[in-house]
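Visitor: Dropping a structure here in structure tokens format, bear with me for questions.
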Amino acid sequence: MNPKVAPLIITAYKKTVLSQPKLIGMMYRHQYHKSLNRFTTLALHRIFYTHTKNVVNQLDPDIVVCTHPIPSAVISRLKRLGEDILLCTVITDYDAHGTWISPEVDRYLVSTQEVRNKMIQQGVPPSRIKVTGIPVHPNFWEHPVKDEIRAKFNLKDMPTVMVMGGGWGIMNDEVINDFLIRWKDDVQILFCLGNNEKELKKLQQDPRYNHANIRLIGFTLEVDKLMEVSDLLVTKPGGMTCTEGLAKGIPMLFHHPLPGQEEENCQYFTVQGLGEPIISLEVIVKWMNKLISDLDGIRRRREEQLPCIDRYRPLESAQSIIDMLESKKVPSS
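Residue numbers (my numbering): 3 to 335.
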């Protein structure tokens, strides 16, 4: 919506996250029960309002779906200033921070009943909140034949760990990565580095990572298939990645959650028994030993729990949006 200013905002946020994560956490907790204040709303208005209004007027949408609190706040302000738009906001974490909340939102789609309860406590009418789970690509809910995937990617049928690096390089912790590859003779390790080409080239030039059981993978649209044939996922606990792992039923280890929503995501999945934070390298030792000594048990338990986590499907969110459109009153001619 603002190609000149937006990159500056993103860069500033990224630098703050990497250099001052405690500051991010403090701000998150301080604003937890508060919507965006008037000054912030005004700033967003000045930066995005004209562009957004032009796009809305051009497209004339029946409904706007927002998956981030900033566009939700901008569309909410448009509604306050007279635009007649249905607004659906999808909360993409396992927590309900106050910045998501605005009286102009017609419906919230949330991950869990716990998030719904938190929003009700913050004054959101229950009728506006629907528990649908976080929508991820339908491919993550499919479970194709693993042998065909292994053949396609030239992978072995052996204990396999998938490490999600992310485009920002936050996961690229040399201590964790170098510790993991100690098991490269017994465990297959897939390092998925996304758009972080700098880190990809760095690892490609490191002779320790030149091993038959180590795969260095850049940007790919087939993360779902790689998760399907992996037995353990090491990742930061972002809402979308956690939900993709949830859909695949893969056990997860969470690395360096950012203060705020990632901490909440980490706590939720840990309590549910679907993941574990890496509080020390001993956690990695424990899981590597489990993969080597009890691979059949890990895979069997994964298959057994899939029906339990299958209750949230991507269709739930889509159907809720269709229901909103169908219930919208047609103006009389």
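Using N, Cα and C, we set each Cβ at its ideal position, and we do this for glycine too.
Confirm the yes/no value for this check: CB of residue 241, any heavy atom of the ligand GTP, distance under 8 Å.
Guide: With respect to the ligand GTP, the structure shown offers nothing to examine, as it has no ligands at all.
Visitor: Please report the straight-line C-alpha distance between residue 278 and residue 291, rounded to a whole angstrom.
Guide: Rounded to the nearest angstrom, the two C-alpha atoms are 15 Å apart.
Visitor: Got a sec, what are the start and stop residues for the beta strand (DSSP E) residue 277 sits in?
Guide: 277-279
Visitor: What are the residues that DSSP puts in a beta bridge with residue 254?
Guide: 235, 277
Visitor: Which of helix, strand or coil does DSSP assign to residue 87?
Guide: Here residue 87 sits in coil by DSSP.
Visitor: Residue 14 and residue 142 look like a contact to me (Cβ under 8 Å); what is the Cβ gap, rounded to whole Å?
Guide: By a beta-carbon distance limit of 8 Å, residue 14 does not contact residue 142. Their separation comes to about 32 Å.
Visitor: Can you give me the C-alpha to C-alpha distance between residue 361 and residue 91, rounded to a whole angstrom?
Guide: There is no way to answer for residue 361, as the model of the chain reaches only from 3 to 335.
Visitor: Let me confirm a value: residue 330 is counted as buried when at least 16 other C-beta atoms fall within 10 Å, else exposed. Which label applies?
Guide: exposed
Visitor: Which ranges would you report for the alpha helix (DSSP H) in the region 42-126 if only whole runs of at least 4 residues count?
Guide: 71-82, 115-123
Visitor: Could you name the residues of the same chain whose beta carbon sits closer than 7 Å to that of residue 82, not counting the 5 residues immediately before and after it, in chain order?
Guide: 106
Visitor: Excluding the 5 residues flanking residue 128 on each side, which residues of the same chain have their C-beta closer than 8 Å to its C-beta?
Guide: 118, 122
Visitor: How would you call residue 190, buried or exposed, if buried means at least 16 neighbouring beta carbons within 10 angstroms?
Guide: Buried.
Visitor: Compare the Cα-Cα distances from residue 324 to each of 258, 65, 80, 8 and report the closest residue.
Guide: Restricting attention to 258, 65, 80, 8, the CA atom closest to the CA of residue 324 is found in 65.
Visitor: Could you spell out where the alpha helix (DSSP H) holding residue 308 opens and where it closes?
Guide: 297-311
Visitor: Measuring only the C-alpha atoms, how far is residue 281 from residue 317?
Guide: 36 Å
Visitor: By DSSP, does residue 248 sit in helix, in strand, or in coil?
Guide: The three-state secondary structure of residue 248, taken from DSSP, is helix.
Visitor: Opposite residue 165 in the DSSP bridges: which residues?
Guide: 193, 236
Visitor: At a cut of 8 Å, does the region 192-199 reach the region 225-237 through at least three beta carbon pairs?
Guide: yes
Visitor: Would you kindly check if the distance between the Cβ of residue 88 and the Cβ of residue 54 is under 9 Å?
Guide: Taking 9 Å as the cut-off, the beta carbon of residue 54 is found no closer than this to the beta carbon of residue 88.
Visitor: Going by DSSP, what residue range makes up the beta strand (DSSP E) through residue 138?
Guide: Element bounds for residue 138: n/a, residue is neither H nor E.
Visitor: Specify whether the region 177-186 and the region 206-224 touch according to this definition: at least 3 beta carbon pairs, one from each stretch, less than 8 Å apart.
Guide: yes
Visitor: Would you be able to state if there are at least three C-beta pairs under 8 Å between the region 145-165 and the region 261-272?
Guide: They do not touch, by the three-pair rule.
Visitor: From 112, 48, 275, 164, pick the residue whose C-alpha is nearest to that of residue 226; which is it?
Guide: 164
Visitor: On the criterion of 16 or more Cβ atoms from any shown chain inside 10 Å, does residue 84 qualify as buried, or is it exposed?
Guide: exposed
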